[in-house]
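Here's the structure, in structure tokens; my notes come after.
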Amino acid sequence: MVSGGRTADLAPTAAVKIFSAGTAGCVADLVTFPLDTAKVRLQIQGESRSLPEGQRAKYRGVFGTIFTMVKTEGPRSLYSGLVAGLQRQMSFASVRIGLYDNMKQFYTRGSENAGIGARLLAGCTTGAMAVAFAQPTDVVKVRFQAQVRLPESGSVKRYSSTIDAYRTIARDEGVKGLWKGCLPNITRNAIVNCSELVTYDVIKELILKYKLMTAFAAGFCTTIVASPVDVVKTRFMNSVPGQYSGAINCTLTMLIKEGPTAFYKGFMPSFLRLGSWNIVMFVSYEQIKRAVMRFQQSWESPIGPV
Numbered sequence: 001m002v003s004g005g006r007t008a009d010l011a012p013t014a015a016v017k018i019f020s021a022g023t024a025g026c027v028a029d030l031v032t033f034p035l036d037t038a039k040v041r042l043q044i045q046g047e048s049r050s051l052p053e054g055q056r057a058k059y060r061g062v063f064g065t066i067f068t069m070v071k072t073e074g075p076r077s078l079y080s081g082l083v084a085g086l087q088r089q090m091s092f093a094s095v096r097i098g099l100y101d102n103m104k105q106f107y108t109r110g111s112e113n114a115g116i117g118a119r120l121l122a123g124c125t126t127g128a129m130a131v132a133f134a135q136p137t138d139v140v141k142v143r144f145q146a147q148v149r150l151p152e153s154g155s156v157k158r159y160s161s162t163i164d165a166y167r168t169i170a171r172d173e174g175v176k177g178l179w180k181g182c183l184p185n186i187t188r189n190a191i192v193n194c195s196e197l198v199t200y201d202v203i204k205e206l207i208l209k210y211k212l213m214t215a216f217a218a219g220f221c222t223t224i225v226a227s228p229v230d231v232v233k234t235r236f237m238n239s240v241p242g243q244y245s246g247a248i249n250c251t252l253t254m255l256i257k258e259g260p261t262a263f264y265k266g267f268m269p270s271f272l273r274l275g276s277w278n279i280v281m282f283v284s285y286e287q288i289k290r291a292v293m294r295f296q297q298s299w300e301s302p303i304g305p306v
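Encoded structure:
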């Protein structure tokens, strides 16, 4: 739409969407990363190698986990793995969110009226593509978040830096170690993308003025559906070589040793994190897109008569 001779309402290009989505994902991660770290700690709690027999659970609840981490490891522990997390968002959110509209048009052959089937296909496709690009960053992020920093225990840190983590995993586990848990992660992110983006997409069209509530609702729907796969993904990514023979073995081990409730460990921080992450991300995404478009227009528009 042209308003007042200006092209303020021109549709953003794919490049603008990709950049805006990646940047918005980083902003959302900066705000919500402690909740994500608490989720990971709760998800891996209960593994046979993590809890000696007779020892009570170290982490209890969202804020109990955060308080325990700050008390025993310091505030910085809440942001352990942040560098890998930001790398993940720049390569992950940029693809799964930034290309969603383009993929939706691809499945509808350019039509603006996309049905639920085309939206689901677009969500699954961009989710799978994003995992293929970003899996190594996700593996490193999870391992840093699971790494307990207790100097008094005499334990050696698993990795000293983000670069060291990439290098060590590739050396000790082979390049395929950087793509560990890729299949459960593809499954998880297909679910996440369909629950999150499609829910947001559909509800936003119906009640556009309640954007924040649609983002939070998308986060709730995503958490309910994706939590079991997310827990398996975290456990498998964080496992040492030989601990599990595969994602299915990891699932069965959890079910036999810890029961069905193990698949919803870390549910509350996961819900709070996804809900708040969606709010920050979608609001930032829309604002960054507008800002980039304004900058692009001012750059391309003529300066005027001299």
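Per the UniProt record's numbering, numbering of the sequence shown is gapless, rising by one per residue and ending at 306.
From the three backbone atoms N, C-alpha and C, an ideal C-beta is built for every residue, glycine too.
None of these values were measured; they are calculated from a predicted model.
Report yes or no: do the stretch 20–32 and the stretch 276–287 share at least 3 C-beta pairs separated by less than 8 Å?
-> yes
Leaving aside the five residues before and after residue 26 along the sequence, list all residues of the same chain whose C-beta is less than 7 Å from its C-beta, in chain order.
-> 86, 89, 90
Cα-Cα, which of 295, 190, 248 is closest to residue 123?
-> 190
My guess is that residue 146 and residue 41 are in contact by the Cβ rule of under 8 Å, so how many angstroms apart are they, rounded?
-> 7 Å
Should the stretch 130–139 be called in touch with the stretch 63–81, which here means at least 3 C-beta pairs below 8 Å?
-> no
Neighbourhood of residue 14 by C-beta, 6 Å cutoff - its chain only, sequence neighbours within 5 removed = The residues are 102.
In whole angstroms, what is the alpha-carbon distance linking residue 12 and residue 276?
-> 25 Å
Taking only runs of the alpha helix (DSSP H) that begin and end inside the stretch 123–179, which ones reach a length of at least 4 residues, in chain order?
-> 162–173
Do residue 254 and residue 139 have their CB atoms nearer than 7 Å?
-> no
Looking at the structure shown, is residue 10 part of a helix, part of a strand, or coil, going by DSSP?
-> coil
Classify residue 196 as buried or exposed, calling it buried when 16 or more other Cβ atoms lie within 10 Å of its own Cβ.
-> buried
Output the distance between the C-alpha atoms of residue 7 and residue 185, rounded to the nearest integer angstrom.
-> Here residue 7 scores only 41 on pLDDT, less than 50, and its place in the model is too uncertain to base an answer on.
Distance between beta carbons of residue 251 and residue 232, contact taken as under 8 Å = 5 Å
Alpha-carbon to alpha-carbon, residue 295 and residue 43 | Each residue's Cα considered, the two are about 43 Å apart.
When burial is assigned at 16 or more other CB atoms within 10 Å of the CB, is residue 271 buried or exposed?
-> Buried: at least 16 other Cβ atoms inside 10 Å.
Mind reading off the beta-carbon distance from residue 274 to residue 194? Whole number of angstroms is fine, and I expect it under 8 Å.
-> Incorrect: roughly 14 Å between the Cβ atoms, too far for contact.
Jot down the residue ranges of each uninterrupted alpha helix (DSSP H) in the UniProt repeat "Solcar" (12–106), minimum 4 residues, whole runs only, in chain order.
-> 14–44, 62–73, 82–96
Which first and last residues belong to the alpha helix (DSSP H) in which residue 275 is found?
-> 267–300
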